[in-house]
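Enquirer: Sequential numbering of the sequence shown, starting at 795, is according to my numbering.
For glycine and all other residues, C-beta sits at the position ideal for the given N, C-alpha and C.
Structure provided below as structure tokens; questions to follow.
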Amino acid sequence: MTDRTKLVLASGSPRRLALLEQVGIRPDYLLPADIDEEPTRGETPRALATRLARTKAEVVRRSIERDPDYVNALVLAADTVVAVGRRILPKAELTDEAETCLRLLSGRAHRVYTGICVATAGGASRHKLVETRVRFKRLSEAEISDYLASGEWRGKAGGYAIQGLAGSFVVKLVGSYANVVGLPIHETVSMLSGAGYPVRRNWADTLAMSE
């Protein structure tokens, strides 16, 4: 592939976009995949994260097949799942959901899984699952109440955002911090590079903009 290879990000997450831009990767097109993200009966957290990432990549790959501007582009998809044991926590949209998550996570360890998929124009795809272990402090009633009032939890897997206020709840983290935010950078860059995407082509411009 040449330096003109385009990248489609199958996500509307500002966090994933920011993580990519942090390492100089600027997707040419943002195209969120609209799929059912409910786990199937008996599905494990690991299997769910892997399946959703693969499905998102496949859906977006099919949607651009007839677009002459993106037919040869790479598609990057990811999905993050938070779990306590085999219990999958929701992407909280309601206050009650977020409160249930926080009370379950309080004083306990949990795992964050992100499935990554890179799909190519030729129909091939690369998959990877990244796991991070996180432990929360024991949360007081005031901390739970104040965090719920912040609204930061809305739409977040497990009902919290580690890159925000909830970072103060974390007492231990083993693995990739970026994975908990929503996209493990090292693994993603390696996969894109392996698929032929020129991950460093914007580094000089990024440096110039920061000076």
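Whole angstroms is fine: what's the gap from K922's alpha carbon to L942's?
Expert: Residue mapping note: residue 922 aligns to position 128 of the sequence shown, counting from 1. Residue mapping note: residue 942 aligns to position 148 of the sequence shown, counting from 1. So the two alpha carbons sit approximately 33 angstroms from each other.
Enquirer: In the DSSP output, what is Y991 paired with across the bridge?
Expert: Here residue 991 is taken as the residue at index 197 of the sequence shown, counted from 1. Per DSSP, none; premise fails for Y991.
Enquirer: To the nearest angstrom, how far is the alpha carbon of S962 from that of T849?
Expert: To locate residue 962, count along the sequence shown from 1; it is residue 168. To locate residue 849, count along the sequence shown from 1; it is residue 55. Between S962 and T849, the C-alpha separation is close to 34 angstroms.
Enquirer: Can you find the residues in the same chain that come closer than 6 angstroms, C-beta to C-beta, to A955, ignoring five residues on each side of it along the sequence?
Expert: For this step, residue 955 is matched to residue 161 along the sequence shown. Closer than 6 angstroms at Cβ, skipping near neighbours: E946.
Enquirer: Report back the beta-carbon spacing between P821 and V802 to the nearest angstrom; my notes put them in contact at under 8 angstroms.
Expert: Your numbering for residue 821 matches position 27 in the sequence shown. Your numbering for residue 802 matches position 8 in the sequence shown. Contact flag correct, Cβ pair sits at about 7 angstroms.
Enquirer: Work out the CA separation of G916 and S944 for me, nearest whole Å.
Expert: Residue numbering aside, residue 944 sits at position 150 when the sequence shown is read from its first letter. Residue numbering aside, residue 916 sits at position 122 when the sequence shown is read from its first letter. Distance between the alpha carbons of S944 and G916: 45 angstroms.
Enquirer: Cα separation between L870 and D861?
Expert: Taking the sequence shown and counting its residues from 1, the one referred to as residue 870 is at position 76. Taking the sequence shown and counting its residues from 1, the one referred to as residue 861 is at position 67. Cα to Cα, the separation comes out at about 17 angstroms.
Enquirer: Assign G909 to one of three DSSP states: helix, strand, or coil.
Expert: One-based indexing of the sequence shown puts residue 909 at position 115. Of the three classes helix, strand and coil, the one that applies to G909 here is strand, per DSSP.
Enquirer: So, are the CB atoms of V875 and L899 less than 8 angstroms apart?
Expert: Looking up residue 875 in the sequence shown gives position 81. Looking up residue 899 in the sequence shown gives position 105. No, these two residues do not count as a Cβ contact at 8 angstroms.
Enquirer: Please go through the region 873 to 957 and give each complete alpha helix (DSSP H) segment of 4 or more residues, from N-terminal end onward.
Expert: Runs found: 889 to 899, 935 to 944.
Enquirer: Which of the three DSSP states is assigned to K850 in this structure?
Expert: Taking the sequence shown and counting its residues from 1, one reaches residue 850 at position 56. Correct three-state label for K850: helix.
Enquirer: In this structure, does DSSP put T796 in helix, strand or coil?
Expert: As a working mapping, residue 796 is identified with position 2 in the sequence shown. Below a pLDDT of 50, predicted positions are generally treated as unreliable, and T796, at 46, falls in that range; no measurement from the model is reported.
Enquirer: Hey, out of G976, R932, A913, whose CA is closest to G952's CA?
Expert: Residue mapping note: residue 952 aligns to position 158 of the sequence shown, counting from 1. Nearest option by C-alpha distance: G976.
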